[in-house]
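See below for the structure under consideration.
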Amino acid sequence: MLALRRLLPATRSLHSSAIAWKGKAAAADEDVDMDDLFDDSVADLPSSGGGDRSARRAEFIGRIMNPTHGREEHRAGNLRKVVQLSDSPEQLEELGRVIQQWRVNGYGVSKQTSAEIVGRCINLGRADLADKYYRNRADYGLKHVSAHMATKLKTKLAEAKASQASEVSEASA
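To convert, take the position in the sequence shown, counting from 1, and add 133; that gives the numbering used here.
See the structure below:
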């Protein structure tokens, strides 16, 4: 009998749970329009994400720039959150100052955070900043990124250099 149980697959799934059966029974009792399951009024509700991205970013920057030696200031995720909440090239420029303060506070930049910094700079069109942060390890302390990310950085830098050269040649002509 035990060997037979191992051969039979488990049949429990989301659609056969007690909650699903209750929902099916309620739908059978009422006349539910299946096309209108997602009401537009639900889309008007504010997200539960917790507010403005720039305010959240400023909060994390405040924790790094003015540490109170509390546990929250020492979390490695604070620097990563600042990177993730940086949405403009101007914010990426400010990121350099935040990274330097992070290092002054005595913390290192993890390999994952390094990859996120380089990737975020590339995605927002500032490959020059990614190169600056990545190459200047004494000031910013970024670790080595994957070969794929390094190749992507080199490609974006070459594209930026080529576009600058074409702009200069068009301006001189």
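In this text, a Cβ means the ideal position worked out from N, Cα and C, and glycines have one as well.
- For residue 222, the enclosing alpha helix (DSSP H) covers residues 222-237.
- Taking the Cα of residue 197 as reference, the smallest distance to any Cα among 299, 216, 186 is reached at 216.
- At a Cβ-Cβ threshold of 8 angstroms, residue 218 and residue 190 count as neighbours.
- With a contact defined as Cβ atoms closer than 8 angstroms, residue 293 and residue 261 qualify at about 7 angstroms.
- C-alpha of residue 288 to C-alpha of residue 227: approximately 24 angstroms in a straight line.
- Between residue 280 and residue 213, the alpha-carbon positions lie close to 21 angstroms from each other.
- Judged by DSSP in its simplified three-state form, residue 289 adopts helix.
- Judged by their CB atoms, residue 231 and residue 194 are nearer to each other than the 8 angstroms cut-off.
- Inter-residue distance for residue 275 and residue 303 is about 37 angstroms (C-alpha atoms, whole angstroms).
- Straight across, the Cα-Cα distance linking residue 271 with residue 236 is about 10 angstroms.
- Residue 245 and residue 305 have their C-alpha atoms some 43 angstroms from each other.
- Buried is the label assigned to residue 263, since at least 16 other Cβ atoms lie within 10 Å of its Cβ.
- Distance from residue 229 to residue 273 at the Cβ level is roughly 7 angstroms; contact confirmed, criterion being Cβ atoms closer than 8 angstroms.
- The DSSP-derived three-state label of residue 257 is coil.
- Rounded to whole angstroms, residue 268 and residue 282 show a C-alpha spacing of 14 angstroms.
- Take residue 258, set aside five residues on each side of it, and the residues of its chain with a beta-carbon closer than 7 angstroms to its own are 222, in chain order.
- Nearest in C-alpha terms to residue 234, of all of 199, 266, 255, is 199.
- Residue environment for residue 247: buried (at least 16 other C-beta atoms within 10 angstroms of its C-beta).
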